[in-house]
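Chains A and B supply the protein sequences, listed in that same order.
The opening residue of the first sequence carries number 2 in my numbering; numbering runs sequentially from there.
The opening residue of the second sequence carries number 8 in my numbering; numbering runs sequentially from there.
These notes concern the structure reproduced below.
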Amino acid sequence: MATGDLALGQEQGALNAQKRVVNDFSINVATVNGSGSQSANSVLLKSIFGMGVPVSGKNLFPSNIAGLPTWYTIRASKDGYVARKRDAEILVALNVETAKQDILNLPVGGVAIYEESLNLKQYRDDVACYPVPFDKITAAVCPEAKLRKLVRNMVYVGVVAQLLSIDLAVVEHGLKKQFAKKQKVFDLNFGAVKAGFDYAQEKLVKHDPFVLERMDKSAGQIIIDGNAACAMGAVFAGVTVVAWYPITPSTSVVEATTDLLKKLRVTPEGKATFAVVQAEDELAAIGMVLGAGWAGARSMTATSGPGISLMAEFSGLGYFAELPGVIFDVQRSGPSTGMPTRTSQADLLSTAFLSHGDTKHIVLLPGSVKECFEHGLAAFDLAERFQTPVFVLTDLDLGMNNWMSEPFQYPDKPLDRGKVLTAEDLEKLGGFARYRDVDGDAIGWRTLPGTRHPKAAYFTRGSGHNDSAGYTEKPEEYQAIMDRLSRKFENARKAVPAPVIVKNGTSKVAFIAYGTTDFALQESLDQIKKERGVDVDYLRVRAYPFAHEIHDFVASHERVYIVEQDRDAQLASLLKLDLPAEQVTKLRSILHYNGLPLDARTITEEFVAKEGL
Amino acid sequence: MGTATPAPKVNRIGLPIVDYRGGKSTLCAGCGHNAISERIIDAMFEMGVEPERVMKMSGIGCSSKSPAYFMSRSHSFNSVHGRMPSVSTGAILANHQMITLGVSGDGDTASIGMGQFVHLLRRNLPMIYIIEDNGVYGLTKGQFSATADIGSKLKTGVINDLPAIDTCAMAIQLGATFVGRSFSGDKKQLLSMLKAAIAHKGTVMLDVISPCVTFNDHEGSTKSYKFMQEYDEPINEVGFIASFEDIAVDYDSGQVLDVEMHDGSSLRLRKLHEDYDPTNKAEAVKTLMQAHDNNEVLTGVFYIDTQKPTFTDLLNLVDTPLATLPESVTRPPKAALDTLMHNLQ
Chain A
2 MATGDLALGQ EQGALNAQKR VVNDFSINVA TVNGSGSQSA NSVLLKSIFG
52 MGVPVSGKNL FPSNIAGLPT WYTIRASKDG YVARKRDAEI LVALNVETAK
102 QDILNLPVGG VAIYEESLNL KQYRDDVACY PVPFDKITAA VCPEAKLRKL
152 VRNMVYVGVV AQLLSIDLAV VEHGLKKQFA KKQKVFDLNF GAVKAGFDYA
202 QEKLVKHDPF VLERMDKSAG QIIIDGNAAC AMGAVFAGVT VVAWYPITPS
252 TSVVEATTDL LKKLRVTPEG KATFAVVQAE DELAAIGMVL GAGWAGARSM
302 TATSGPGISL MAEFSGLGYF AELPGVIFDV QRSGPSTGMP TRTSQADLLS
352 TAFLSHGDTK HIVLLPGSVK ECFEHGLAAF DLAERFQTPV FVLTDLDLGM
402 NNWMSEPFQY PDKPLDRGKV LTAEDLEKLG GFARYRDVDG DAIGWRTLPG
452 TRHPKAAYFT RGSGHNDSAG YTEKPEEYQA IMDRLSRKFE NARKAVPAPV
502 IVKNGTSKVA FIAYGTTDFA LQESLDQIKK ERGVDVDYLR VRAYPFAHEI
552 HDFVASHERV YIVEQDRDAQ LASLLKLDLP AEQVTKLRSI LHYNGLPLDA
602 RTITEEFVAK EGL
Chain B
8 MGTATPAPKV NRIGLPIVDY RGGKSTLCAG CGHNAISERI IDAMFEMGVE
58 PERVMKMSGI GCSSKSPAYF MSRSHSFNSV HGRMPSVSTG AILANHQMIT
108 LGVSGDGDTA SIGMGQFVHL LRRNLPMIYI IEDNGVYGLT KGQFSATADI
158 GSKLKTGVIN DLPAIDTCAM AIQLGATFVG RSFSGDKKQL LSMLKAAIAH
208 KGTVMLDVIS PCVTFNDHEG STKSYKFMQE YDEPINEVGF IASFEDIAVD
258 YDSGQVLDVE MHDGSSLRLR KLHEDYDPTN KAEAVKTLMQ AHDNNEVLTG
308 VFYIDTQKPT FTDLLNLVDT PLATLPESVT RPPKAALDTL MHNLQ
């Protein structure tokens, strides 16, 4: 068998040498949840990054602590594509349970690296097989049996590094960063990497086309996940009160925020200039956020779909009583508990109109980790300027996966704390009416509790109120407030992040999308151009309420495909409510909602079919 | 040349009582809640609290409307049904230098609001939490609430067959540090308790029986004026001497427990029940349970702990209210972002 393998290997090697595939493939690492593969995956990702090659990583994991299968895919793309690729070419099969199916899923000409004893070769003769005695190698470098399960993962990093020609020094550098202050841990792990590398060098004969070569495309770039980027946005927006309830996939937004606050917001005397509260549930979390916003502190929470549902009643209070607060929603698959560890964009409609009565909210829609940071910053300014809850919608794919990005820029504008009257202002004015539109911007002035002036206080309520914050059930007074709120929302169209017109040429056909759909769509545009010779225009929405440019963009095209990751065409529905009637019939939908991140091929195929290309 | 009107009586910060009043009550004439509003006004006036230093918080219901009827010079937040604790928590974190007074009802607290209520107690959030307890839902016309006693009767003749939740026993068990019960009709006791509440640091939970004259003041009700006049059983006589009052009173230390409050005031609890110790949690809960069996409505201060750290102590907050911190404190400098970016490269 071994001889046969070798013979075949040499033959294929000779064949593949002519058509090497450089810096353009995906690696799928199949492991068991809880086996500690995360750090190995991260080291491999950062090693490719260290080679200067654009890279992205995606964790497809179960809602489980340990024992269920999990897959991590790493995509290297010289062209900078970061979306999920439908078929990964290289498999690292470390999970006995799924190994057979995993190798059967490989495309022809793919690569399988697996534990020798699994004998996966029997299932495929059209892929390059590299059996590796992982257990034997691990045992040799890790005398302590307890640690072997973890160290074993590093062996595959070494094998893959050797097979793909990754510079071992780059791996070493990445590992050092990972285990910054733990020399012993580093030694053990690097020993395992080295053992894997050496084994591959001595025993495996390369007979596949995939290699990595140094580029300079990652120079100056950072790698970060969306949740950490949102956290940085919040912290550099000066967030001061954080209230939350743990929920996948948003938990790490608050964990990262808390870590940063502990580092950056403690006085020399050791006192905190911030408060983080793990609330009893999401109802309490949003209540605390709005209470703090009312009293003048920048406040936030982070949650996901089920938490958003629980925040509905308070969101209406926030809208009607005009209270600032920022809510990060890292969307996951619903309805109900749905698939907590799978991605989705299906909270858009429920968030935009969250609560009973005539309620609508400002919703920001970041499409990259950089925008997680920027929209995170902007959300706090908007919340205080417009005195209203502001939602930032990301998703599991953006939030929990690692992305390459330009470094984030320090904000060049001071915080916008909105319209707040001080005691001195009140002295000059002789008083104020909380909900009166004195400036024509549909935003009243507010005062904060503790303002030492006899005219500072007002009564905040979610029941009918007039412009002096007095209780009312008078039809004209109630309606006047509702109309002003509507004008305020209209004004927000110009203040929220403007859409990005990615491409607007002479095409009669266009795409509209938001958030992580962008990654796949950018690649799909190139596929459509390359394979069908067709140019398609593209606008990326970045916020609700929609800017007028979106209307103009639709008006200037004949057919507009709304690509989104939900079943019921929520973005298209929201656009239909907003567009003039004659524009509505132009909208078509391409929908993806199976829980996996969207890939380019899916869009391309459906677009080509629908357009009859 | 007319006779000079005498200057109105002012308190120690120079304010007349009118500066502590609110809007006209829209509650029923004779509602216990109005009497409680009056006592709050008296207590704040007598303690010389600056009205601008007070936040009035409430949920939804008749009781929760009442903050509109006292202290118009204080910021007020009439929030969502059963959710006043969370809004108060947020507001207190933003400004922990304020005196926070929450008014809730038995429905707002013991039914829809139970989840948030117990966590507020557990955190020992520094605020005064008053339950205006009448055993019924007023705004929806007289359904039983969860504090209605077993066997009590609605006007319609419906008998309550579920046991009452004793919010005081619960508060003691869960971590509130000043727990008492009073009656809206007992001016003296309620006023002393409210003044002591203002002087306390931590969660003050006062369950004030406050009869609903429209839906629960009839024969067969255990939350009526008549029932309270008959069965109100004070466990101690509550006396309060503010820190700024210079009154020396001799008392028998065997009969009076003198508690020094956070602001230097004295809470003097004269024993009416033999050997009752309001610093002993287990005893307090046991006594309340026994009172239920004996059909007594115990009032007075059941439990006090002036030492336990509050939620804001645990969070180790700076003295300056978080809401007023300048941008130079809340937004980290550029160098901090540069370092973070460098470490991610």
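Glycine included, every Cβ here is placed at the ideal spot set by N, Cα and C.
For the segment 190 to 209 of chain B, no residue has a beta-carbon sitting nearer than 9 Å to a beta-carbon of chain A. Residues of the same chain with a CB within less than 7 Å of the CB of G288/A, apart from the 5 flanking positions on each side, are F315 in chain order. Annotation note: the segment 268 to 312 of chain B contains the following uninterrupted alpha helix (DSSP H) runs of length 4 or greater, listed N- to C-terminal: 288 to 300. Within chain B, no C-beta atom comes less than 9 Å from the C-beta of S334/A; the nearest is roughly 27 Å away. In terms of Cβ geometry, T452/A and E59/B form a close pair [threshold 8 Å]. If you look at Q279/A, you'll find it in the beta strand (DSSP E) that goes A276 to Q279. In chain order, Y238 place their CB closer than 7 Å to the CB of N302/B, counting only its own chain and leaving out the 5 sequence neighbours on each side. By the 16-neighbour rule on beta-carbons within 10 angstroms, G37/B is exposed. Chain order gives the chain B residues near H454/A as E59, where near means a beta carbon separation below 8 Å. Of all alpha-carbon atoms in Q123/A, V156/A and L176/A, the one lying nearest the alpha-carbon of P134/A is that of V156/A.
Beta-carbon to beta-carbon, V44/A and L176/A are separated by about 6 Å, close enough to satisfy the 8 Å threshold. According to DSSP, residue pairing for I563/A in a beta bridge involves I513/A and S590/A. For the segment 320 to 339 of chain B, the residues whose beta carbon sits under 9 Å from a beta carbon of chain A are, in order, L322, N323, L324, V325, D326, T327, P328, L329, A330, T331, L332, E334, V336, T337, R338 and P339. For F315/A, the residues of chain B that pass the 9 Å Cβ criterion are S86, V87, R90, S93 and V94, in the order they occur in the chain. S300/A reaches chain B at G97, L100 and A101, counting residues in chain order whose Cβ is nearer than 9 Å. Contacts with chain B at 8 Å (Cβ-Cβ) do not include W404/A.
Across the structure, Q150/B and G158/B are spaced so that their CA atoms are roughly 14 Å apart.
Those residues of the segment 445 to 469 of chain A placed with their C-beta closer than 8 Å to a C-beta in chain B are T448, L449, P450, G451, T452, R453, H454, P455, A457, A458, Y459, F460, T461, R462, G463 and S464, ordered along the chain. Among the residues of chain A, those whose CB is under 9 Å from the CB of S79/B are A458 and F460, following chain order.
A206/B is a Cβ neighbour of H269/B, given a cutoff of 8 Å.
Proximity of chain A to K31/B at the Cβ level (cut-off 8 Å) is not reached, the minimal Cβ distance being about 11 Å. In the DSSP annotation of this structure, the continuous segment of the beta strand (DSSP E) that includes W72/A starts and ends at P70 to S78. Rounded to whole angstroms, the Cβ separation of L365/A and A379/A is 7 Å, and the two are in contact under 8 Å. When Cβ-Cβ separations below 8 Å define contact, K341/B makes contact with chain A.
Of all C-beta pairs linking the segment 310 to 327 of chain B to the segment 171 to 186 of chain B, three or more are shorter than 8 Å, placing the two stretches in contact. One finds nothing in chain B with a Cβ atom closer than 7 Å to the Cβ of G308/A; even the nearest lies about 14 Å away. The segment 289 to 301 of chain A makes contact with the segment 235 to 245 of chain A: 3 or more CB pairs, one atom from each, lie closer than 8 Å. N492/A: member of the alpha helix (DSSP H) spanning P476 to A496, first to last residue.
Under a 10 Å Cβ-count criterion, T32/A is classified as buried, with 16 or more other Cβ atoms of the shown protein chains found around its own Cβ. The three-state secondary structure of Q102/A, taken from DSSP, is helix. Between L449/A and V421/A, the CB-CB gap stays under 8 Å. In the structure shown, C175/B adopts helical secondary structure according to DSSP, grouped into three states. A117/B is outside the set of residues whose beta carbon lies under 8 Å from a beta carbon in chain A. Take L279/B, set aside five residues on each side of it, and the residues of its chain with a beta-carbon closer than 8 Å to its own are P241, I242, N243, E244 and G307, in chain order.
Annotation: I75/A has no Cβ neighbours in chain B at a cutoff of 9 Å; minimum Cβ distance is about 18 Å. Between Q480/A and the set A470/A, G465/A and L261/A, the nearest pair of CA atoms involves G465/A.
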